[in-house]
């Protein structure tokens, strides 16, 4: 392999790793958002029960 091929391989490998990390971040953000919505609903239910 020449230096040019190694450089291309390194660029492609780096791009794949970065795209994989982005996918994990987006998935985690979705879970965090869902958990925040659930916590807000639970807090609202607790307040409603306390008011009754």
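In this note's numbering, the protein residues as written are 940 to 991.
Ideal Cβ positions, reconstructed from N, Cα and C, are used throughout, including at glycine.
Predicted model, so just to flag it, every value in this text is computed and none were measured.
Cβ shell of residue i (< 6 Å), same chain only, five flanking positions each side left out
i: residue 954; result: none
Host alpha helix (DSSP H) of residue i (start-end)
i: residue 957; result: 942-990
Cα-Cα separation between residue i and residue j, rounded to whole angstroms
i: residue 960; j: residue 988; result: 42 Å
i: residue 952; j: residue 970; result: 28 Å
i: residue 967; j: residue 981; result: 21 Å
i: residue 902; j: residue 991; result: With the chain covering only 940 through 991, there is no way to say anything about residue 902.
i: residue 943; j: residue 962; result: 29 Å
i: residue 984; j: residue 978; result: 10 Å
Sub-9 Å separation of residue i and residue j beta-carbons
i: residue 948; j: residue 957; result: no
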